[in-house]
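Under the numbering used here, the first residue of the sequence shown is numbered 111, with each subsequent residue one higher. A virtual CB, placed ideally from N, CA and C, is assigned to each residue, including glycine. In this text the structure is predicted, and so the values were computed from the model without any measurement. Shown next, in structure tokens, is the structure this report addresses.
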Amino acid sequence: MSQALTKSPKHCGNKQGLNIGKLYKKLFLVFSTLSTTILSIILLVWLILHPSKPEFSLKEADIYQLNLSGGHLLNSSVQLTLLSKNPNQKVGIYYDELKVYAAYKGQQITVYTSLPPFYQGHEDSNVLTASLVGTGLPVAPSFGYEVGRDQTAGRLVLNLKVIGRLRWKVGTWVSGKYRVNVDCLAVMAFGPSIPTGPLTSRPMVMRRETQKRDVAIDSFLSSGFNFGKARMDEELLLFCFATLLLCLCLWA
């Protein structure tokens with residue numbers, strides 16, 4: 111006697127569900143592998159090419175005019191020379207919208223002077239010069255008193271500042287814009303032996319003796335990432351790293 115073997119609909123349904131589950135698992139493993147590879151490459155490239163801050167140094171600073179009119183309106187004239195250096199071996203820098211000004215004891219004593227945009231190659235250096243002027247700038251009533259104290263002390267401390275934006279470049283990869291702030295500290299010889307004081311109407315010259323500098327790079331102004339004009343920030347790196355850890359945990 112022959113026997114006919116039949117499979118119940120319930121059994122077929124279980125087998126079909128098992129096959130779909132295996133397919134989803136394979137797709138997940140493929141996706142996890144691909145994601146892990148891409149994120150690892152991005153993270154590795156960033157760690158290798160993580161740019162160092164540009165270096166700025168004050169080469170020369172001369173004050174030609176610093177006098178009050180009307181008791182609280184300042185006229186000033188400052189000439190400065192800066193040296194900018196890119197310390198990176200594989201990263202270029204685009205400087206955009208750079209502006210320079212001088213400050214004394216927290217008070218801006220010249221208007222902003224714009225520097226032309228430029229590109230700085232790997233380990234290149236550029237000399238930047240600027241003439242800073244101020245005409246009728248309002249200052250605090252204590253300005254004259256503070257300058258007089260500095261003259262008695264024999265020195266005048268001036269802050270020469272640069273603000274603007276920069277972009278990193280690696281091959282065809284160009285980052286988003288970062289804010290850059292540079293603060294160079296100039297200490298001028300300034301005492302009773304100098305014949306012309308700073309608060310007269312006649313020009314004077316005081317030369318820089320020593321200087322310190324500080325360069326700050328803030329988080330940049332845009333986000334996103336693409337290979338035509340790439341833009342990547344630290345938040346994206348953290349997201350990539352977190353996603354990588356999640357994929358590894360799920361894979362395990």
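Between the segment 223-242 and the segment 193-202, are three or more C-beta pairs nearer than 8 Å? yes
Can you name the start and end residues of the beta strand (DSSP E) that G202 belongs to? Counted from its first residue, the sequence shown places residue 202 at position 92. Counting along the chain, the beta strand (DSSP E) containing G202 begins and ends at 202-214.
Taking the alpha carbon of D293 as the reference point, which residue from S145, E207, R259, Y214 has its own alpha carbon closest? Indexing the sequence shown from 1 puts residue 293 at position 183. Of the candidates S145, E207, R259, Y214, the one whose C-alpha sits nearest the C-alpha of D293 is Y214.
Cβ separation of S187 and Q199, assumed to be a contact under 8 Å, to the nearest whole Å: For this step, residue 187 is matched to residue 77 along the sequence shown. For this step, residue 199 is matched to residue 89 along the sequence shown. Not really, about 39 Å apart at Cβ, beyond 8 Å.
Does the distance from the CB of A211 to the CB of R275 come in under 9 Å? Translated into positions along the sequence shown, residue 211 becomes position 101. Translated into positions along the sequence shown, residue 275 becomes position 165. Contrary to the premise, residue 211 reads as Tyr rather than Ala in this sequence. The answer is no: Cβ separation not under 9 Å.
In this structure, what does DSSP give as the bridge partners for Q189? Taking the first residue of the sequence shown as 1, we reach residue 189 at position 79. In the DSSP output, where bridge partners are listed per residue, Q189 has D172, S241.
From the DSSP secondary-structure annotation, give me the bridge partner or partners of T223. The sequence position of residue 223 within the sequence shown is 113, counting from 1. According to DSSP, T223 bridges with V210.
Have a look at P161, K135, P226, K136 and flag the residue whose alpha-carbon is nearest the alpha-carbon of W283. As a position in the sequence shown, residue 283 is number 173, starting the count at 1. Residue P161 is the option with its Cα nearest to W283.
Tell me whether G281 sits in a helix, a strand or coil according to DSSP, three-state version. As a first step, residue 281 must be located in the sequence shown, where it is residue number 171. In this structure, G281 counts as coil in the three-state DSSP scheme.
Looking at I219 and V267, is the spacing between their C-beta atoms short of 9 Å? Your numbering for residue 267 matches position 157 in the sequence shown. Your numbering for residue 219 matches position 109 in the sequence shown. Contact: no.
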